Amino acid sequence: MIRYAAALVVCLLLAPAAFAADRALVIGIGSYANLPEKMFLEGPKNDVPLIEKLLKEKLGYPADSIRVLRDQDASRAAILASIDEWLVNGTEPGDRVYFYFSGHGLQVKDQNGDEEDGLDEALSTYDIAPGDSDWTNVILDDEIDAMLARLKDRAVSIVIDACHSGTISRSLSSNVGEAMESARFLPRPHAKPADVVKMRGLRVDVAVVDKPEVVKENGVEAWSAASSYQVAWDDTRLPPEERHGVFTLSYVNGHEISAADSNGNGIVSNAELLEYVKKQSQTYCAAQSECQGLDPQLEVNYALLGASAVVPAAASGGQVQQYQEQQTPDYGKVEEVKVENTPQTAYVAANPVDAVSDILGKPPAGDVTLALSSYTLKTGDAFRITVTSSIGGQLILYDVDKDGKATQIFPNEAAQKITPLTAGVPLTIPDDYYGFDFEADGPSENVLVAIVVADDVNLTKVAPSDYGLTKDLDARTTIADIAGALKQTWTRDVENRSINWSLGLLKYQVY
Numbered sequence: 024m025i026r027y028a029a030a031l032v033v034c035l036l037l038a039p040a041a042f043a044a045d046r047a048l049v050i051g052i053g054s055y056a057n058l059p060e061k062m063f064l065e066g067p068k069n070d071v072p073l074i075e076k077l078l079k080e081k082l083g084y085p086a087d088s089i090r091v092l093r094d095q096d097a098s099r100a101a102i103l104a105s106i107d108e109w110l111v112n113g114t115e116p117g118d119r120v121y122f123y124f125s126g127h128g129l130q131v132k133d134q135n136g137d138e139e140d141g142l143d144e145a146l147s148t149y150d151i152a153p154g155d156s157d158w159t160n161v162i163l164d165d166e167i168d169a170m171l172a173r174l175k176d177r178a179v180s181i182v183i184d185a186c187h188s189g190t191i192s193r194s195l196s197s198n199v200g201e202a203m204e205s206a207r208f209l210p211r212p213h214a215k216p217a218d219v220v221k222m223r224g225l226r227v228d229v230a231v232v233d234k235p236e237v238v239k240e241n242g243v244e245a246w247s248a249a250s251s252y253q254v255a256w257d258d259t260r261l262p263p264e265e266r267h268g269v270f271t272l273s274y275v276n277g278h279e280i281s282a283a284d285s286n287g288n289g290i291v292s293n294a295e296l297l298e299y300v301k302k303q304s305q306t307y308c309a310a311q312s313e314c315q316g317l318d319p320q321l322e323v324n325y326a327l328l329g330a331s332a333v334v335p336a337a338a339s340g341g342q343v344q345q346y347q348e349q350q351t352p353d354y355g356k357v358e359e360v361k362v363e364n365t366p367q368t369a370y371v372a373a374n375p376v377d378a379v380s381d382i383l384g385k386p387p388a389g390d391v392t393l394a395l396s397s398y399t400l401k402t403g404d405a406f407r408i409t410v411t412s413s414i415g416g417q418l419i420l421y422d423v424d425k426d427g428k429a430t431q432i433f434p435n436e437a438a439q440k441i442t443p444l445t446a447g448v449p450l451t452i453p454d455d456y457y458g459f460d461f462e463a464d465g466p467s468e469n470v471l472v473a474i475v476v477a478d479d480v481n482l483t484k485v486a487p488s489d490y491g492l493t494k495d496l497d498a499r500t501t502i503a504d505i506a507g508a509l510k511q512t513w514t515r516d517v518e519n520r521s522i523n524w525s526l527g528l529l530k531y532q533v534y
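One rule links them: number in this note's numbering = place in the sequence shown (from 1) + 23.
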């Protein structure tokens, strides 16, 4: 279980404390020495300056800590040398490392037998070339693994705007041997049309996503533009000279509070950023005939889901966005925490009640509603909670208080029957079968969190019924574990997709 160790409240006007030797490597490859022009990409040349600006203005990286490799400068040898000399040898334990790639992704034959499907995921280089049976001069996921092993004690962010999965579905193209315009994948040389794969199985992406234990153990934050067997795209809605990667543009824009702060507390969390990027990507995909699905992914230690995606100015020493002021006194206030067993430092909402929606990321859409039997509660008052959902599914219900304590209200062992919530049918807890009522304990500000999961996801490890009503839980850890489970890829349909779940929140006070 992930635990938070609170350090201090960060006041945004404190004197700056600079990071020791943060390093970023930004790679953008749109033209290629050995590929036909029809396989070139317009977006990478525009993605690179966008990421540079984000690093300097939002993430606190000094200009001299950023190395850029574009097109002819991004050969296989140059990329590997920069990883070795710039990222690994140029940083020390505790430093931040940021690796960004914009270009083609692909698969090649596995050389060491560590891939179940017999294929390694890879990133293209400027000098990529088709061999007799496969691509040569690529960066393998095994080499990304080796980089991470050497950066074990650093706080690493990897952002990949490419498609990393093989063209094994007819939904990608009528002929898998042909590249689609503006699609960020390369089919294998001499590929032939393949049968439709009905069961997609586990994700196959760049190593940090293919092997999530690496992420949790090392504190890696890994963003990818698409789920497995999906294609990443240049945004064809824009003129060719103005194109960006669909993912990169939404990822950068999502760091703005006005864009992605769905709960309005002045902080854009990683989970909120992910939801924003997904929404923007899916809007693009819905309007494109060749796009069969687009679900950007974030693999991260769950404790970082609620962390601010923007480094507070006082922590970075750079010209980083200051959180705006609002009438509410807690607006934008963050607390610095060290994530246990990782080098990561997180900046999270100081108010645990607000932190709940930062961790979940998704704003309530009105399809799950909560009601109290009385909205004026005093200490000692009896009350009941009613949950109504427009979709059926598993219900998980928490009460979170201002001190960061969570109580799992449902599921619980006192309920006569734990059954899926029926769409449109209110569920009252406790009902007459429980033999007791809830009693208000205050003064306090609390939030009720109702999560309804439509897919058959096994949540017994993160929300077992014996936790219900009696066990005191850490709210941040508990909600982060739930959120992490719900952000996995659903692989049991013909097309991979996000898990289908809905959220309802209700703040209340006890006087």
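Just so it is clear, CB atoms sit at the ideal spot from N, CA and C, and this is done for glycine as well.
Note that the coordinates shown come from a computational prediction; the quantities given were computed from them, not determined experimentally.
Closest by C-alpha distance to residue i, when choosing among the options
i    : options                   : result
L142 : D165, S98 and F124        : D165
D454 : S396, T493, Q431 and A498 : S396
Q311 : T259, E322 and N324       : T259
A394 : V423, P449 and G403       : P449
A526 : N324, V410 and N435       : In the sequence as displayed, the identity of residue 526 is Leu instead of Ala. Ranking N324, V410 and N435 by Cα distance to L526 puts V410 first.
T392 : A446, T368 and W109       : A446
E295 : E279, C308 and Y307       : E279
K301 : E75, Q315 and Q320        : Q320
I505 : L78, E313 and V480        : V480
L482 : E518, T493, P434 and L77  : P434
L492 : Y457, N364 and T114       : Y457
Cβ shell of residue i (< 7 Å), same chain only, five flanking positions each side left out
i    : result
Q366 : Reading the sequence as shown, one finds Pro at residue 366 and not Gln. Answer for P366: P116, G117, D176, R177, A178 and G242, listed in chain order.
A303 : Residue 303 is actually Gln in this sequence, not Ala. Excluding sequence neighbours, Q303 sits near S273.
A378 : G329, V371, A372 and R499
A97  : I50, I52, T148 and Y149
D218 : Caution applies to D218, whose pLDDT of 32 falls short of 50 and renders its modelled position unreliable; the value that the coordinates give is listed next. Counting only Cβ-Cβ distances below 7 Å, and skipping sequence neighbours, we find nothing.
N276 : A282
D94  : I52, G53, S54 and Y149
G507 : Y325 and L328
A56  : Y149 and D150
A86  : K79
Contacts around residue i, its chain only, beta-carbon distance under 8 Å, and the 5 residues preceding and following it disregarded
i    : result
V161 : R99, L129, V131, A145, L146, S147, T148 and I151
H267 : G66, N69, D70, L73, D257, D258 and L261
D489 : E436
DSSP-derived helix/strand/coil call for residue i
i    : result
K356 : coil
S488 : helix
T445 : coil
I151 : coil
E115 : coil
L526 : strand
G507 : helix
D168 : helix
F535 : Any property of residue 535 remains undetermined from this structure, which presents the chain solely from 24 to 534.
N469 : strand
S396 : coil
T306 : helix
F270 : helix
D258 : coil
Y84  : coil
N519 : coil
R93  : strand
K301 : helix
Presumed contact (8 Å Cβ cut-off) between residue i and residue j, rounded CB distance
i    : j    : result
L528 : A463 : Actually they are not in contact, since the Cβ atoms of L528 and A463 sit about 18 Å apart, beyond 8 Å.
A332 : V362 : 15 Å between Cβ atoms; not a contact.
D45  : R90  : Not quite, the Cβ-Cβ distance comes to about 12 Å (not below 8 Å), so this is no contact.
P375 : V357 : About 13 Å separates the two Cβ atoms, so there is no contact after all.
I432 : I452 : 6 Å
S105 : L48  : 5 Å
Y534 : P466 : 6 Å
K530 : V470 : 5 Å
D184 : T271 : 5 Å
Y307 : V269 : 5 Å
Same chain only: Cβ atoms within 6 Å of residue i, ignoring 5 sequence neighbours per side
i    : result
Q532 : E468
S521 : D318
R173 : V111
V182 : Y123 and W246
D404 : A463
E511 : The sequence given here has Gln at residue 511, not Glu. Around Q511: no qualifying Cβ.
T430 : D422
S180 : Y121 and E244
Y159 : One detail in the question is off: residue 159 reads as Thr in this sequence, not Tyr. Only A152 meet the Cβ criterion.
F461 : F406
Contact the region 415 to 422 vs the region 469 to 483: 3+ CB pairs below 8 Å: yes
The region 282 to 291 / the region 380 to 394 touching (three or more Cβ pairs under 8 Å): yes
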